[in-house]
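First the structure, in the form of structure tokens, and then the observations on it.
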Amino acid sequence: MCLEPSPPPPGRPTRRGVLAGAAALAGTAAVLSAAPPAAARKGEPAHPAGPYGDLVIEGGTLLDPATGEVTEDAVVVIRDGTVDRAGARRKGAVPGHLPRLDAHGRWVLPGLVDAHIHLSTVAEARAAVTRGATSARSGSTTFYQDIAVRELARRRPVSAPRLRAAGVFVTPDMGDSVLADPDLAALVGQKDGVRSAEALRRVVDVNAARGADVIKTRVNERAGLPDQDPLTQVYSYEQLAEVVAAARRHGKGVLCHGYSEKGCDDAVRAGIRSLEHGVFVHERTLHDMRSRGTYFTPTLTAIAGLAESSDPVLAERGRTYLPVLEDAVRTAHEVGVPLAAGTDSSGGEVTPIGHEIELMHAAGLSPLDAIRTATTNAARLLGLPGTAGRLAPGYAGDAVVVDADPLSDVSALSRPVRVVRAGRIC
Numbered sequence: 208m209c210l211e212p213s214p215p216p217p218g219r220p221t222r223r224g225v226l227a228g229a230a231a232l233a234g235t236a237a238v239l240s241a242a243p244p245a246a247a248r249k250g251e252p253a254h255p256a257g258p259y260g261d262l263v264i265e266g267g268t269l270l271d272p273a274t275g276e277v278t279e280d281a282v283v284v285i286r287d288g289t290v291d292r293a294g295a296r297r298k299g300a301v302p303g304h305l306p307r308l309d310a311h312g313r314w315v316l317p318g319l320v321d322a323h324i325h326l327s328t329v330a331e332a333r334a335a336v337t338r339g340a341t342s343a344r345s346g347s348t349t350f351y352q353d354i355a356v357r358e359l360a361r362r363r364p365v366s367a368p369r370l371r372a373a374g375v376f377v378t379p380d381m382g383d384s385v386l387a388d389p390d391l392a393a394l395v396g397q398k399d400g401v402r403s404a405e406a407l408r409r410v411v412d413v414n415a416a417r418g419a420d421v422i423k424t425r426v427n428e429r430a431g432l433p434d435q436d437p438l439t440q441v442y443s444y445e446q447l448a449e450v451v452a453a454a455r456r457h458g459k460g461v462l463c464h465g466y467s468e469k470g471c472d473d474a475v476r477a478g479i480r481s482l483e484h485g486v487f488v489h490e491r492t493l494h495d496m497r498s499r500g501t502y503f504t505p506t507l508t509a510i511a512g513l514a515e516s517s518d519p520v521l522a523e524r525g526r527t528y529l530p531v532l533e534d535a536v537r538t539a540h541e542v543g544v545p546l547a548a549g550t551d552s553s554g555g556e557v558t559p560i561g562h563e564i565e566l567m568h569a570a571g572l573s574p575l576d577a578i579r580t581a582t583t584n585a586a587r588l589l590g591l592p593g594t595a596g597r598l599a600p601g602y603a604g605d606a607v608v609v610d611a612d613p614l615s616d617v618s619a620l621s622r623p624v625r626v627v628r629a630g631r632i633c
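Going by our numbering, the sequence shown opens with residue 208, and the numbers climb by one from there.
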């Protein structure tokens, strides 16, 4: 959980000009040079060259997560990757010259948002999109691969989600991530690791210089390693506040990995933008989060996955933690803390974001509220409230088409039958 190691890139990385080298690292160049995809299946429209497409999705039942409104026999008109019209067929003419996607008998929703995922390769980025996540927030990568994935998404949207990149993790032991940038090399050999105010600021500053959109840090050890105790606190309130202050100087928010009651409280008081995992977060901290507008990304998928581990320590940890986290999610929702869905996928295994919606529902949210955690709520967390999370005029032409009513069966969102990204069928 929370980032698997991967090999460092060859050669010396650049700074503001990182995209070319990072793209090579992520394999972007090969993908960008490939021909644009033909129709995914026989009978589907072929798209012209270019990253953004024109498309009419017609005949399906449209769900607007913002309002809960359900529209039968709906039409979504996408022009140059942006929604031009969405609503009942009878309310306007349907352009006859645009490619069409027949959604009769199916439900149409906006593309989903995975607010915590680790994307280090082209294959992972593509898998996230085809499984429904058309927008995402990185939970960090080892060598700035997420910044390259973000560029891939801009150049070839069908190959990657619209991404908020986090760069490298601000953590006491950075491991091989000190090789991600020459300006991080000075951190090697620090007696106590990355803990001093100067060291913490340096990692944040390098991340910002490399183009990170958000900053990722931790307050506790990892749950996914049997030799670590996720209740052990690794940064104090003062250290977390230093990270937050450094991030704010660059106009960045902070997402913070945390588990213990005190650790979660320290992180929230320090001013983080979102709490990740948060198994033992206390109700008083949840009330504080509500007051501050702090988001909660519980990554139920990751915690549930621990229970299925072949390692007995991790399996027991998962079985113990999951019901506690479900209670925390339910309480957070009742208190009014904004919840965002995130799978914490990493290491080549990309879980459909729809599965996190299922687990949100199992924790006590209504189907519509569970869907909002991966649409409107997550879009606000990512700073995309007018771009992602809805199919409405001016929003991105991203959609998922499912074969069952998700308000009756949220598991349908784990099995999208079609995904549209920027007006093109993936």
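Where is the CB? At the ideal position from N, CA and C, for every residue including glycine. What you are looking at is a predicted structure, and each value in this text was computed from that prediction instead of being measured.
Item	Value
Have a look at G396 and R628 and give me their C-alpha separation to the nearest angstrom.	45 Å
Could you check the C-alpha separation between T504 and I264 for me, to the nearest Å?	31 Å
Under 9 Å, do L620 and A581 count as touching if we go by C-beta distance?	yes
Based on the DSSP secondary-structure assignment, which residues constitute the bridge partners of H464?	R425 and E483
Nearest to V441 by alpha carbon, out of S403, V421 and N414?	S403
Run through DSSP, which three-state label would S498 get?	helix
For V488, which three-state DSSP category applies?	coil
Just to confirm my understanding: we take P379, look at its own chain, exclude 5 residues before and 5 after, and list those with CB closer than 8 Å. What are they?	D399, G400, V401, R402, V441 and Y442
Please state the DSSP three-state secondary structure of A322.	strand
Using the beta-carbon count (16 or more within 10 Å), is D472 buried or exposed?	buried
Does DSSP put S553 in a helix, in a strand, or in coil?	strand
By DSSP, does L588 sit in helix, in strand, or in coil?	helix
Thinking C-alpha only, which one of V365, G590 and T348 is nearest D605?	V365
Quick test of your reading: P272 and R625, contact by CB under 8 Å. State the CB separation rounded to the nearest angstrom.	With 8 Å as the limit, P272 and R625 do not qualify as a contact, their Cβ atoms being about 18 Å apart.
Starting from D534, trace the alpha helix (DSSP H) both ways and give me its first and last residue.	P519 to V542
Using only the alpha-carbon positions, how far apart do P510 and G460 sit?	Sequence check: residue 510 is Ile here, not Pro. Each residue's Cα considered, the two are about 24 Å apart.
Excluding the 5 residues preceding and the 5 following P559 in the sequence, name in chain order all residues of the same chain whose CB lies nearer than 6 Å to its CB.	R338, G339 and S621
Measure the C-alpha to C-alpha separation of D287 and E428 and round it to an integer number of angstroms.	45 Å
Does the beta-carbon of T274 have 16 or more other beta-carbons within 10 angstroms, so that it is buried, or is it exposed?	exposed
Just verifying my parser: in three-state terms, what is the DSSP assignment at V315?	strand
Out of Q446, R491, V320 and V413, state which residue places its alpha-carbon closest to the alpha-carbon of I479.	Q446
According to DSSP, what are the bridge partners of G267?	A281
Is the separation between the beta-carbon of T348 and that of A372 shorter than 9 Å?	yes
Within 10 angstroms of its Cβ, does G543 collect 16 or more other Cβ (buried), or is it exposed?	exposed
Which whole runs of the alpha helix (DSSP H) in the segment 358-434 are 4 residues long or more, in chain order?	404-416
Checking 9 Å against the spacing of the C-beta atoms, do T550 and S342 come in under that value?	no
In the structure shown, what three-state DSSP assignment does P600 receive?	coil
Near M567, which residues of its chain fall below 6 Å by C-beta distance, leaving aside the five closest residues on each side in sequence?	A577 and T580
Would A547 pass as a contact of Y502 if the rule is Cβ separation under 9 Å?	yes
Over the uninterrupted alpha helix (DSSP H) stretch that includes L642, give me the two end residues.	Residue 642 lies beyond the range of the chain shown here (208 to 633); nothing can be said about it.
P574 to H540, Cα distance in whole Å?	13 Å
Assign G512 to one of three DSSP states: helix, strand, or coil.	helix
Beta-carbon within less than 7 Å of V356's beta-carbon, same chain only, minus the 5 sequence neighbours each way: which residues are those?	A233, L326, A332, A367 and L370
Among G257, I632 and R524, whose alpha-carbon lies nearest the alpha-carbon of P433?	R524
Please report how far the alpha carbon of A454 lies from the alpha carbon of S384, in whole angstroms.	19 Å
Could you give the residue range of the alpha helix (DSSP H) that holds A577?	P574 to T580
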